[in-house]
Amino acid sequence: MKIDRAEVIVTSPDRNFVTLKITTDDGLTGLGDATLNGRELAVVAYLTEHVVPLLIGKDPHRIEDTWQFLYRSAYWRRGPVTMAAIAAVDVALWDIKAKAAGMPLYQLLGGASREGVLAYGHASGKDIPELFDSIRSHLDQGYRAIRVQTGVPGLKSIYGVASNAAAEGNTGRRYDYDPAQRADLPVEEDWDTRAYLRHLPSVFEAVRAEFGPELPLLHDGHHRMTPIQAAKLGKSLEPYDLFWLEDCTPAENQKALRLVRQHTTTPLAIGEVFNTVWDYQTLIEEQLIDYVRSAVTHTGGISPMKKILDYAAQYQIRSGIHGPTDISPVGMAAAVHLDLAIHNFGIQEYMKHGEMTNEVFQQSFTFNDGYLHPGERPGLGVDLDVDAAGKYPYQTAYLPFNRLHDGTVHDW
Ligand code: KDG
Ligand code: MG
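Here it is as structure tokens:
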């Protein structure tokens, strides 16, 4: 079998998605997600100009060799653009291999280690009543684990709050909530860490009082604290028994997590902006985190994610694969196959995609009673309708950014 064609498909049903479609000479196709939110076209150029020409005529079964070749022959290693492009190839080749074997992909990864994959959804509100409504609505949809984000008194618009997050500032357009709004220019939000640290424990106190001690609750700090601020937050949230506190610091400085860890037993999750195992080396070896947050889509694909998670397993660190709506259904399916197969699964983030996205990507994975399952179709179980994709052309998309009250740019 040989690779006959590789096409890069850009579509924007509810938001932009970049998909690599590889076709073999005997007609098998494989899909890989290459969506890098806000920098989509950089990955498109990387794939079309530098990767696709190298794939034609190659044996699609040689997944590991292809991965090592793309990673090492580029000379310029790592980085989100490179690793998203390599991920798309890796996942598309796994899709082809599993279709050739006539099996759902999870079977090739070792088979099912569980019956379903616990998923968490995003509840949010500008205030407590709105947050409670959102939690109730998620519970009604079947979610059994909930991420909690709220507005902070005195701040106009912050990350993760649906009713605040209409990215209409520069365009007049309004989109349904997603945690990474698209806009023609970056939307400015405001931030005040001290106000946030004062407010958040009272939110979790209220949620526990209303919804009881059982429900797994998560929270995303979205990289905005210093180590000592993160330590303080982790400590103040301990009475509310969080499943995890995510991205409490910008974790490029892995050693900073030593300080956070010394002060709190709140479980920590990090890694959605990481691209390789090297970003985790200290965090894993020193057991400074509890959950690996990388996306299959941004970390070079299924092959390296499996290696990172196997490495993490030696330290009793579990998976918490990134799955907001900027991961396409192809990237989500890849994550769910991996989640089902690995032993050290923790939880899977899952925000439902919109109707237009589901029109473009037909998926076999299901969400029932709080659990995802990848389905039994051979391969990933996702098809892309090229005609439907063509109806939704690319739209310029920027993520928002933060400024402090004095005008200083801050991590978003
Ligand atoms: O594109 C940025 C989003 O993927 C990110 O803001 C979502 O932090 C996020 C999460 O935990 O889902
Ligand atoms: Mg996050």
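For the sequence shown, this note's numbering assigns the number 847 to the initial residue and increments by one for each residue that follows. Glycine included, every Cβ here is placed at the ideal spot set by N, Cα and C.
For the stretch 908-939, there is no continuous beta strand (DSSP E) assignment of 3+ residues that stays within its boundaries. Leu877 carries a strand assignment under DSSP once its states are collapsed to helix, strand and coil. The residue from Gly925, Trp913 and Ala958 with its alpha-carbon nearest to that of Ala938 is Trp913. Counting only runs that start and end inside the stretch 1033-1082, the beta strand (DSSP E) elements of at least 3 residues fall at 1034-1036 and 1063-1066. For Asp1229, no alpha helix (DSSP H) run applies; the uninterrupted beta strand (DSSP E) run containing it begins and ends at Val1228 to Leu1230, by DSSP.
In this structure the stretch 867-878 lies against the stretch 850-857, because at least three pairs of beta carbons, one per stretch, are closer than 8 angstroms.
Scanning its chain for C-beta atoms nearer than 6 angstroms, with the 5 sequence neighbours on each side dropped, one finds around Gln1209 the residues Pro1175 and Val1228, in chain order.
Counting only the Cα atoms, Thr1212 lies some 20 angstroms from Ile1148. Counting C-beta pairs with one atom in each stretch, the stretch 1100-1112 and the stretch 1129-1140 have three or more that are closer than 8 angstroms, which means they touch.
If you check the C-beta of His1068 against the ligand MG, you find a heavy atom less than 8 angstroms away. Comparing C-alpha distances from Arg1044 to each of Ile1154, Gly1117 and Ala1076 shows the shortest one belongs to Ala1076. Excluding five sequence positions before and after Ala888, the CB atoms of its chain that fall closer than 6 angstroms to its own CB belong to Val927, given in chain order. The alpha carbon of Lys945 has as its nearest neighbour, out of Arg924, His907, Gly971 and Leu916, the alpha carbon of His907. For Lys1237, the secondary structure class from DSSP, reduced to helix, strand or coil, is coil. With a minimum length of 4 residues, the unbroken runs of alpha helix (DSSP H) contained wholly in the stretch 1089-1131 fall at 1102-1109 and 1127-1131. Using a cutoff of 8 angstroms, the CB of Asp1257 does not count as near the ligand MG, since none of the ligand's heavy atoms is closer than that.
One Cα belongs to Gly1146, the other to Thr1072, and the distance between them is close to 29 angstroms. Ranked by Cα distance from Tyr1157, the first of Ala1141, Tyr1126, Thr1143 and Arg1139 is Tyr1126.
Taking 8 angstroms as the cut-off, the C-beta of Tyr989 does not count as close to any heavy atom of the ligand KDG. Taking 8 angstroms as the cut-off, the C-beta of Leu1245 counts as close to a heavy atom of the ligand KDG. Scanning its chain for C-beta atoms nearer than 8 angstroms, with the 5 sequence neighbours on each side dropped, one finds around Phe915 the residues Leu900, in chain order. Short of 7 angstroms from the beta carbon of Pro1032, and not among the five residues preceding or following it, lie these beta carbons of its own chain, in chain order: Tyr1244, Leu1245, Pro1246 and Phe1247. In the structure shown, the three-state DSSP call for Ser1149 is helix. Judged by DSSP in its simplified three-state form, Thr1242 adopts coil rather than helix or strand. Within the same chain, Cβ atoms closer than 8 angstroms to the Cβ of Ser959 are found at Leu1186, Ala1187, Ile1188, His1189 and Phe1191, the five residues on either side in sequence being excluded. A straight-line Cα-Cα distance of about 20 angstroms links Arg861 and Glu1035. In the three-state reduction of the DSSP assignment, Ser970 falls in the strand class. In terms of side-chain proximity, the C-beta atom of Gly1169 is found nearer than 8 angstroms to a non-hydrogen atom of the ligand KDG. Ranked by Cα distance from Gln1162, the options Ile1154, Gly1000 and Gly1169 are led by Ile1154. Bounds of any alpha helix (DSSP H) do not take in His1219; it lies within the beta strand (DSSP E) bounded by Tyr1217 to His1219. In this chain, the beta strand (DSSP E) harbouring Ala852 covers Ile849 to Thr857.
Remark: the C-beta of Asn1121 is outside contact range of the ligand KDG, defined as less than 8 angstroms to any heavy atom.
Gly1080 is positioned such that its CB atom lies no closer than 9 angstroms to that of Thr1039.
For the pair of segments examined, the stretch 974-982 was found not to touch the stretch 1219-1228: the number of CB pairs separated by less than 8 angstroms stays below three. Residue Ile932 holds the alpha-carbon nearest to the alpha-carbon of Thr894 among Ile932, Ser1082, Arg924 and Arg918.
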